[in-house]
Structures are given as structure tokens and as C-alpha cells.
Amino acid sequence: MKRIFHPGGSVITGSDLADAVLLYAEALCNRRQVDVVDIPVMGDDGHLLRAQFLIGSASQLVSVTADSLEPELIEPETTDFLHRKAQTGAMIPASWTREESAAAQFDDFDY
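According to numbering that gives the first Met the number 0, the sequence shown is numbered sequentially starting from 0.
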């Protein structure tokens, strides 16, 4: 697990998710763009919550390894989606959700 520190505080999420958020934030910074990402996080009471971050050209994020007794938080679809959006030349508009991206890919498929 990792803790992501942001100007308003911090959240704990899975290591792969935290790494993907920072990778995408860096890509957006290089493109001079911003986006809102939605990731699962652990609440203070151990319950699973969701957090939204505005990331990009002015992001001030730090990620550090966090001790946790909880199992590693994973959400492969979100991790993969953030990695795809971070790729150079990615044609996924910053504001698209995972579902919109998947629908567009499905619509482009030739039968």
C-alpha cells in the first residue's frame, strides 16, 4: 500500500494505483493538461472509499510506502486505464471515464 500526499492531506491506496496516478500526473504535466482521476482508497476505519484528484500541470503529489494490516488494494481496470492515458500519443480525452473509453474502443471494432 502507498499513501498519496496532496495539498489537502493524504489517502492510502494500492501501490500499483498510486504509481499509476503519479505516472499519469507526470504525463499530464508534460502535456500541460489537467484531469480528474477517481481511485479507490482506504478510509480511516478500513472501509473502502473513492477519492477524486485533480492532477496535471500543477500537481503536488508525493507517494510513500504505507504500513497497513489490510490486504493490498487493487483495481486492475483503473490501473490499466491510467497507464493507457499516460502513454505518449494516447488518444483518450482527459475527461473520459473508463466506461466511455471502453465504449469507444468497442465501437471502433470491425466485425
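Heads up, the beta-carbon is just placed ideally off N, CA and C, and yes, glycines get one too.
field: Residues near Ala65 by beta carbon distance below 6 Å, same chain, minus five either side
entry: Sequence index remark: in the sequence shown, residue 65 carries index 66 (1-based). Cβ neighbours of Ala65 beyond the five flanking positions: Met0, Lys1, Arg2, Ile11.
query: If you run the structure through DSSP and keep just helix, strand and coil, what is Ser14?
result: Indexing the sequence shown from 1 puts residue 14 at position 15. Ser14: helix per DSSP, three-state reduction.
- prompt: Can you give the beta carbon distance from Arg31 to Ser56, rounded, assuming they're within the 8 Å contact cut?
  reply: Taking the sequence shown and counting its residues from 1, the one referred to as residue 31 is at position 32. Taking the sequence shown and counting its residues from 1, the one referred to as residue 56 is at position 57. With 8 Å as the limit, Arg31 and Ser56 qualify as a contact, their Cβ atoms being about 5 Å apart.
query: Can you name the start and end residues of the alpha helix (DSSP H) that Thr87 belongs to?
result: Here residue 87 refers to the residue found at position 88 of the sequence shown. Per DSSP, Thr87 belongs to no alpha helix (DSSP H) and is neither H nor E.
- prompt: Residues bridged to Asp37 by DSSP?
  reply: As a working mapping, residue 37 is identified with position 38 in the sequence shown. According to DSSP, which records beta bridges pairwise, Asp37 is partnered with Gln51.
task: Could you pull the start and end residues of the beta strand (DSSP E) that Ile3 belongs to?
output: Locating residue 3 in the sequence shown gives position 4, where the first residue counts as 1. Ile3 -> beta strand (DSSP E) spans 1 to 5.
message: On the CB-based measure, 16 or more other CB atoms within 10 Å of its CB, does Gly7 come out buried or exposed?
response: As a position in the sequence shown, residue 7 is number 8, starting the count at 1. Looking at its Cβ environment, which holds fewer than 16 other Cβ atoms inside 10 Å, Gly7 is exposed.
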